Ligand code: ATP
Ligand code: MG
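Here it is in structure tokens:
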């Protein structure tokens with residue numbers, strides 16, 4: 170036998186029945202996005218490397234050490250598997266001049282790639298669902314997009330998800346804060362770890378985000394960005410807070426909340442749970458008014474968030490939210506394989522009418538006894554068995570036997586009229 174191959178470390182297969190939970194979540198998201206007038210966008214998984222280097226910033230975890238970048242062997246292009254999708258969306262929006270007739274509300278779902286140390290809630294291929302609103306300046310759309318995520322937790326049945334918000338102000342305000350922050354950190358240089366020392370002059374804001382317990386006293390005493398905000402930035406923040414208040418959405422202001430990517434300004438936020446240990450941030454985002462320009466588009470304001478699908482699914486499990494398994498209406502029991510052509514015609518009619526039905530198929534051992542076929546019908550979770558026996562077929566009929574409620578009850582139905590009785594097999598009928 171050939172050597173057994175396995176999936177790449179940190180990249181997971183998503184198999185049934187687990188995949189039914191993914192589809193359930195995706196369906197909920199699609200419906201919610203539609204109700205908020207967010208439209209689906211699908212961008213390529215591979216983008217040119219400079220898009221992320223310029224978009225995310227050179228001194229970020231992602232660009233410094235997490236990207237899967239490679240050179241196209243055929244033409245030498247520098248390419249990267251997308252580590253996030255905001256940069257790709259912004260590129261597409263600029264490339265297709267999508268804002269020419271006004272703002273756009275968009276959402277995406279799909280795999281992202283980051284070379285991190287795999288652990289619970291942290292993978293190398295993981296999945297994000299994201300919402301982006303481009304072309305709108307006010308705190309109203311910041312509130313809308315936060316309310317959208319909040320509504321999602323509610324519809325999924327999740328509890329104990331806390332919202333933290335902050336304002337990063339504008340670049341000019343950050344510059345003033347930055348000078349004071351560097352001075353403060355330099356005064357305590359002996360207490361900084363290696364990461365912090367390296368970032369002291371390139372990305373000092375990120376040091377505030379450090380989880381190193383030894384650095385907490387220095388970080389806590391650091392000058393707060395919020396104290397450097399001007400009138401307009403403060404008004405934006407107050408506007409957002411008022412709209413969250415009016416909607417009964419609880420939040421905590423976390424002055425140390427900064428985001429991993431350089432592109433954020435004004436509102437930033439995270440949804441956090443205590444139920445998932447260290448990987449407790451299930452959704453994060455903020456405003457990024459300067460990103461489009463940075464990747465070569467015409468300047469336009471924007472705000473968005475991305476949620477980690479694996480973390481949300483893990484939280485659903487943790488909180489024991491019931492997710493309906495894939496449902497099956499009927500299982501076709503076929504004693505004699507010779508009947509197959511006729512059986513399949515009936516099954517296709519039923520399927521076209523909305524019935525989910527699994528057909529019994531031969532294995533290497535043949536079709537199997539009636540008993541073993543019924544066992545499979547039971548195990549399939551179907552609510553009905555359709556028995557295509559010789560007796561039935563001779564009369565142009567099939568026996569419909571209930572396997573669940575009122576188990577054992579059976580009726581004969583005509584094959585020619587399958588379209589008419591199909592409805593009696595459907596749980597939604
Ligand atoms: P973290 O601090 O946990 O590394 P991040 O700031 O890098 O998160 P973002 O880039 O903001 O994360 O991505 C948004 C969301 O995507 C995160 O809140 C998280 O739920 C999810 N996420 C990020 N990286 C991973 C990963 N490697 N595996 C699984 N989910 C992830
Ligand atoms: Mg990260």
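Numbering (our numbering), first residue to last: 170 to 598.
A virtual CB, placed ideally from N, CA and C, is assigned to each residue, including glycine.
This one's a predicted model, so the numbers in the text were calculated from it and none came from an experiment.
Residues sharing a beta bridge with residue i, DSSP
i, result
"residue 281", "295"
"residue 289", "None; residue 289 has no bridge partner."
"residue 453", "439 and 475"
"residue 422", "334"
"residue 276", "209 and 300"
"residue 583", "566"
"residue 434", "456"
Beta-carbon spacing of residue i, residue j below 7 angstroms
i, j, result
"residue 332", "residue 420", "yes"
"residue 342", "residue 429", "no"
"residue 512", "residue 557", "yes"
"residue 302", "residue 317", "no"
"residue 388", "residue 298", "no"
"residue 335", "residue 476", "no"
"residue 562", "residue 508", "yes"
"residue 434", "residue 339", "yes"
"residue 308", "residue 394", "no"
"residue 572", "residue 190", "no"
"residue 255", "residue 473", "yes"
"residue 221", "residue 249", "yes"
"residue 401", "residue 353", "no"
"residue 233", "residue 283", "no"
"residue 202", "residue 276", "yes"
"residue 330", "residue 440", "yes"
"residue 272", "residue 304", "yes"
"residue 376", "residue 358", "no"
"residue 516", "residue 591", "no"
"residue 371", "residue 228", "yes"
"residue 541", "residue 487", "no"
"residue 504", "residue 539", "yes"
"residue 484", "residue 442", "yes"
Option in the options with minimal Cα separation from residue i
i, options, result
"residue 567", "344, 247 and 502", "502"
"residue 384", "370, 360 and 373", "360"
"residue 585", "565, 591 and 532", "565"
"residue 413", "250, 311 and 180", "311"
"residue 438", "195, 450, 445 and 446", "450"
"residue 523", "454, 588, 467 and 479", "588"
"residue 595", "261, 447 and 499", "499"
"residue 678", "479, 487 and 432", "No statement about residue 678 is possible, as the shown extent of the chain runs from 170 to 598 and does not include it."
"residue 238", "195, 329 and 215", "215"
"residue 461", "455, 454, 453 and 470", "470"
"residue 193", "209, 324 and 546", "324"
"residue 478", "187, 362 and 404", "187"
"residue 467", "211, 264 and 178", "264"
"residue 260", "285, 225, 382 and 493", "225"
"residue 319", "453, 436, 374 and 364", "453"
"residue 549", "525, 578 and 241", "525"
"residue 209", "246, 173 and 278", "278"
"residue 455", "306, 172 and 241", "306"
"residue 576", "547, 590 and 592", "547"
"residue 349", "424, 396 and 403", "396"
"residue 290", "262, 176 and 480", "480"
"residue 200", "240, 251 and 321", "321"
"residue 285", "205, 373, 315 and 252", "252"
"residue 280", "417, 313 and 212", "212"
"residue 356", "369, 344, 363 and 172", "369"
"residue 179", "288, 242 and 344", "288"
"residue 346", "363, 373, 362 and 367", "373"
"residue 457", "351, 217, 436 and 367", "436"
"residue 219", "196, 246 and 230", "246"
Cβ-heavy atom distance, residue i to ligand 3, below 6 angstroms
i, result
"residue 477", "Ligand 3 is not part of this structure, which contains only ligand 1 and ligand 2."
* To do: Kindly provide the chain-ordered list of residues whose Cβ lies closer than 6 angstroms to any non-hydrogen atom of ligand 2.
  => 230 and 429
* **3 or more residues per run - each beta strand (DSSP E) lying fully within the region 322 to 402** => 330 to 336
* Asked: Hey, which unbroken runs of the alpha helix (DSSP H) at 4 residues or more fall wholly within the region 206 to 269?
  -> 218 to 225 and 255 to 264
* Asked: Enumerated in chain order, which unbroken segments of the alpha helix (DSSP H) with a length of 4 residues or greater are wholly contained in the region 496 to 581?
  -> 509 to 521, 539 to 548 and 559 to 563
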